[in-house]
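K.L.:
Questions regarding the structure given below will be posed in turn.
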Amino acid sequence: MGTGAAPGSDLVVRVGNEELVVRRRYEALSITNDILIALWFIVGSVMFFSASWEYWGTWCFLAGSVELLIRPVIRLARHVHVQGMRSRAADAKRQASSAPPESSQDF
């Protein structure tokens, strides 16, 4: 099993003869995070129906709350990554006038 990811490229995971290609990595990560948030809170809510499961339900709610904190961190990382790529694009544009426009680096 191997992975390959250059900055700004798709994430490709190879397993045998099969490939999983993840485009727009930050958006995919954000969607996965939102699904995990929902699962933590659903499982925690179901666990609160039984007094013997309340302790673990509380931990599920805590995990869901941590996932809610991760959501803005993902967005911030995306913006910082985009800004870094834009800075490199601007530097390249100064060096060669045939560089792609900044909007081509946004996702």
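Counted from 1, the sequence shown has number 47 at position 34 by our numbering; the numbering is strictly sequential. The beta carbon of each residue, even a glycine, is placed where N, CA and C say it ideally should be.
(1) Can you give the beta carbon distance from Glu32 to Val25, rounded, assuming they're within the 8 Å contact cut?
(2) Which ranges would you report for the beta strand (DSSP E) in the segment 23-65 if only whole runs of at least 3 residues count?
(3) Relative to the C-alpha of Val56, which residue among Ser65, Phe74, Ala64 and Ile44 is closest?
(4) Taking Phe61 as the reference, which of Trp53, Gly70 and Val35 has the closest Cα?
(5) Buried or exposed: where does Trp72 fall if 16 or more other Cβ atoms within 10 Å of its Cβ makes it buried?
(6) Measuring alpha carbon to alpha carbon, tell me which residue in Asp47, Arg27, Val28 and Arg37 is nearest Pro85.
P.N.:
So, from the data block:
(1) Locating residue 32 in the sequence shown gives position 19, counting from the first residue. Locating residue 25 in the sequence shown gives position 12, counting from the first residue. 6 Å between Cβ atoms; contact.
(2) Along the segment 23-65, the beta strand (DSSP E) occurs as fully enclosed runs of 3 or more residues at 24-28 and 31-35, listed in sequence order.
(3) By 1-based counting over the sequence shown, the position of residue 56 is 43. Ranking Ser65, Phe74, Ala64 and Ile44 by CA distance to the CA of Val56 puts Phe74 first.
(4) Within the sequence shown, the letter at position 48 stands for residue 61. Selection Trp53, Gly70 and Val35 evaluated against Phe61 yields Gly70 as nearest (Cα-Cα).
(5) Mapped onto the sequence shown, residue 72 falls at position 59. Exposed, since its Cβ has fewer than 16 Cβ neighbours within 10 Å.
(6) Translated into the one-based positions of the sequence shown, residue 85 becomes position 72. When the alpha-carbon of Pro85 is set against those of Asp47, Arg27, Val28 and Arg37, the nearest one is in Asp47.
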